[in-house]
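Residue numbers for the sequence shown follow the numbering used here, so the first one is 22 and each next one is one higher. All residues carry an ideal CB built from backbone N, CA and C; glycine is no exception. As structure tokens, the structure follows; a few thoughts come after it.
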Amino acid sequence: MSKQQRAYPQYGFWSGALFGTVTGMASLLTFQYLFGILRRPRLISKAILLGEEEFDNEEALALFITAESLRSGIQTRRLTARLSKEIVHAGYRNFSESWARDFGFAAYGLLALKQYNPVKETLEAFLWHQTHEGQLPVKLHSVDLVTRFLHSFFGREQPNEMLLKPKYLSGHGTPSLDGQALLVIAALAYTQETGNSTFLKNHWAELKLAMNWLEQYRKGPEDDPLLHQGPFADWADSIARRGRVLYTNVIYWKALSEMAITATRLDLQQEAIHYFVQAEKVLRAINKRFWRDDRGYFITSDELTQLSSSGNLLAIAWGLAQREQAESILQVMEEAKMAEPVPTRVVHPSYPRKLIALENILGGMANYHTNASWLWIGAWHIIALVKTGHLDKAQELVSRILRVIVQDRQVNEVHAPNGKPLSSRWYTSEAPLTWNAGMVIYALRIFESKRQEEHKILHLLNISRE
22 MSKQQRAYPQ YGFWSGALFG TVTGMASLLT FQYLFGILRR PRLISKAILL
72 GEEEFDNEEA LALFITAESL RSGIQTRRLT ARLSKEIVHA GYRNFSESWA
122 RDFGFAAYGL LALKQYNPVK ETLEAFLWHQ THEGQLPVKL HSVDLVTRFL
172 HSFFGREQPN EMLLKPKYLS GHGTPSLDGQ ALLVIAALAY TQETGNSTFL
222 KNHWAELKLA MNWLEQYRKG PEDDPLLHQG PFADWADSIA RRGRVLYTNV
272 IYWKALSEMA ITATRLDLQQ EAIHYFVQAE KVLRAINKRF WRDDRGYFIT
322 SDELTQLSSS GNLLAIAWGL AQREQAESIL QVMEEAKMAE PVPTRVVHPS
372 YPRKLIALEN ILGGMANYHT NASWLWIGAW HIIALVKTGH LDKAQELVSR
422 ILRVIVQDRQ VNEVHAPNGK PLSSRWYTSE APLTWNAGMV IYALRIFESK
472 RQEEHKILHL LNISRE
């Protein structure tokens with residue numbers, strides 16, 4: 022035995038004992054954690070299994086499924102021990118929480134269905150958590166990312182009895198510029214639809230503060246009004262597109278425009294002028310920075326020349342794109358078959374693999390934001406076609422979307438190029454997804470309104486001929 026061993030005869034024993042104790046405690050805590058998840062109720066299918074014979078036609082069945090998929094996301098949640106509100110959740114399996122971005126789009130459909138209270142109370146919940154600087158949460162949630170994933174992986178419902186807490190950064194550590202602007206747009210759409218002037222007056226200062234917060238991301242020269250974002254910071258949060266991004270800035274322009282219109286309605290002339298001027302600057306900068314005559318569409322960002330459908334279709338639907346631009350964009354998308362088999366594909370051509378988040382590659386979902394299709398984009402595609410007078414083509418997309426919904430018996434999150442819900446060993450497409458459902462409802466409302474208007478005009482013309 023060496024001198025060192027004789028001097029410290031029990032060193033190995035105590036270190037081993039300590040290691041065993043720590044390992045045992047860690048194992049016990051892990052067991053309790055996983056056991057707590059496994060004790061939760063099992064996930065149940067939200068698929069609507071009613072037969073087609075119970076409805077007038079396939080379209081009526083699809084509309085019923087879509088409306089139920091949207092309503093299923095409305096749940097009463099607690100913000101404090103004594104304060105509860107009706108909150109619109111993004112989904113059920115993977116996203117049983119309220120995301121600013123998802124809600125911002127889903128609100129269009131909820132307002133179309135006259136589901137005013139959940140829109141109002143979800144807005145109030147986000148505004149309640151606004152920071153002094155003006156930032157609104159990326160989402161309101163109860164469990165962390167790992168716990169949420171494990172609930173989904175083991176097929177268990179997430180605990181909705183817990184308090185909702187604000188989260189201000191995404192899983193990639195970035196704020197949500199588009200989510201921030203979409204909440205402003207949703208609030209103004211709600212007040213316009215309902216005429217709730219009290220809500221508007223109570224929250225006008227908060228909406229202005231939210232817009233002021235966005236201005237810090239105008240990081241270019243003083244004459245550059247566009248927002249700059251970090252990687253993984255917008256709806257395509259598995260793609261490292263950064264800098265000036267078309268989609269984000271189209272939404273920013275829309276928020277500025279709606280603030281200007283609302284300020285005019287409130288007789289706040291100086292504020293109206295301010296927002297109108299800012300919106301015009303952003304519009305001009307978008308055209309200068311992103312439009313490419315040789316390609317016939319708005320490119321994705323400073324660094325990416327792909328046609329990203331979301332930004333281009335929003336530009337058409339909201340009136341940012343001029344008529345010639347709109348026609349060109351829709352033509353390029355048609356030639357690229359971006360609405361086949363499921364409307365509509367995210368981007369053409371796909372983003373390079375180096376920009377895709379590692380977790381998506383490892384999880385077998387590398388095409389989540391590339392050649393996969395999302396129904397909310399398909400909905401904006403329908404609206405863009407309606408706005409440009411292509412009702413026959415809009416009808417084709419309507420029929421295709423409704424057929425997919427009846428096939429799936431619910432509104433799925435994302436579809437693979439083969440037309441089936443996208444899934445892998447580690448991830449299953451969310452179903453239902455309120456974002457998609459809300460936008461489909463809204464697009465169908467726009468389409469039906471235009472179709473009835475056309476029928477009325479034709480009827481009047483026939484009468485005049487008689």
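Euclidean distance between Cα positions of residue i and residue j
| i | j | result |
| --- | --- | --- |
| residue 375 | residue 445 | 20 Å |
| residue 466 | residue 381 | 35 Å |
| residue 349 | residue 317 | 5 Å |
| residue 159 | residue 361 | 32 Å |
| residue 268 | residue 229 | 21 Å |
| residue 26 | residue 51 | Note that residue 26 scores a pLDDT of 49, beneath 50, so its modelled location is shaky; the value from the coordinates is reported in the next line. Computed Cα separation, rounded: 36 Å. |
| residue 419 | residue 217 | 32 Å |
| residue 111 | residue 118 | 6 Å |
| residue 174 | residue 167 | 10 Å |
| residue 79 | residue 68 | 16 Å |
| residue 82 | residue 284 | 41 Å |
| residue 199 | residue 256 | 7 Å |
| residue 182 | residue 147 | 18 Å |
| residue 245 | residue 417 | 40 Å |
| residue 427 | residue 330 | 24 Å |
| residue 352 | residue 149 | 44 Å |
| residue 343 | residue 308 | 10 Å |
| residue 221 | residue 289 | 13 Å |
As assigned by DSSP and simplified to three states, the class of residue i
| i | result |
| --- | --- |
| residue 401 | helix |
| residue 264 | strand |
| residue 369 | strand |
| residue 140 | helix |
| residue 25 | With a pLDDT of only 49 at residue 25, under 50, the local geometry of the prediction cannot be trusted, and no value is derived from it. |
| residue 299 | helix |
| residue 206 | helix |
| residue 16 | With the chain covering 22 to 487 only, the question about residue 16 has no answer from this structure. |
| residue 476 | helix |
| residue 188 | strand |
| residue 328 | strand |
| residue 61 | coil |
| residue 96 | strand |
| residue 320 | coil |
| residue 377 | strand |
| residue 274 | helix |
| residue 107 | strand |
Residue i vs residue j beta-carbon contact at 8 Å
| i | j | result |
| --- | --- | --- |
| residue 13 | residue 105 | Residue 13 is absent from the model: the chain starts at 22 and stops at 487. |
| residue 387 | residue 398 | no |
| residue 438 | residue 452 | no |
| residue 422 | residue 335 | no |
| residue 185 | residue 161 | yes |
| residue 436 | residue 363 | yes |
| residue 197 | residue 121 | yes |
| residue 201 | residue 231 | yes |
| residue 454 | residue 474 | no |
| residue 304 | residue 341 | yes |
| residue 163 | residue 139 | no |
| residue 210 | residue 300 | no |
Chain-order list of residues whose beta-carbon lies under 7 Å from that of residue i (same chain, five-residue window excluded)
| i | result |
| --- | --- |
| residue 310 | 247, 265 |
| residue 258 | 191, 193 |
| residue 60 | none |
| residue 338 | 401, 404, 405, 408 |
| residue 251 | 195, 263 |
| residue 447 | 384, 385 |
| residue 477 | none |
| residue 333 | 318, 319, 350 |
| residue 240 | 249 |
| residue 359 | 330, 365, 366, 369 |
Cβ shell of residue i (< 8 Å), same chain only, five flanking positions each side left out
| i | result |
| --- | --- |
| residue 62 | 177, 178 |
| residue 114 | 64, 173, 449, 451, 452 |
| residue 534 | The question about residue 534 has no answer here: the residues shown for the chain are numbered 22 through 487. |
Own chain residues within Cβ distance below 6 Å of residue i, not counting five before or after
| i | result |
| --- | --- |
| residue 406 | 414, 415 |
| residue 124 | 109, 143 |
| residue 563 | With the chain running from 22 to 487 in the structure shown, residue 563 is simply not present. |
| residue 137 | 215 |
| residue 430 | 68, 69 |
- Query: Quick check: the region 199 to 216 against the region 279 to 288, are there 3 or more CB pairs under 8 Å?
  - Reply: These segments touch.
- Query: Would you say the region 363 to 375 touches the region 387 to 394, given that touching needs at least three Cβ pairs under 8 Å?
  - Reply: Yes, the region 363 to 375 is in contact with the region 387 to 394.
- Contact between the region 293 to 308 and the region 320 to 330 (3+ Cβ pairs under 8 Å): In this structure the region 293 to 308 does not touch the region 320 to 330; the number of beta carbon pairs closer than 8 Å is below three.
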